[in-house]
Amino acid sequence: MKIAVVGQGVIGLSSALAILETFPHADIVIFGDRPFEKCCSYGPAGHFRVDRLSSKYFS
């Protein structure tokens, strides 16, 4: 299954993660119109990054 997520802020990344948890074999592509450091979620939300599924858990 191929899925496109538009937006790389907190909502886009959270949505992609939720999809991956529901459909672990999904092929997800996240589209953004600027580098992550310049998106609106970078400052207010801090650095929210999901480059590995293991980094979804924070302690």
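Residue numbers (this note's numbering): 12 to 70.
No residue lacks a Cβ here, since even glycine has one placed at the ideal position from N, Cα and C.
Check: Under the three-state DSSP convention, the category F34 falls into; Outcome: coil
Check: Alpha-carbon spacing of K13 relative to R45, whole angstroms; Outcome: 22 Å
Check: Same chain, Cβ closer than 6 Å to V17, five either side skipped, listed in chain order; Outcome: F42
Check: Outcome for A29 when other beta-carbon atoms lying within 10 angstroms are tallied against a minimum of 16; Outcome: exposed
Check: Rounded separation between F34 and E48 - CA only; Outcome: 28 Å
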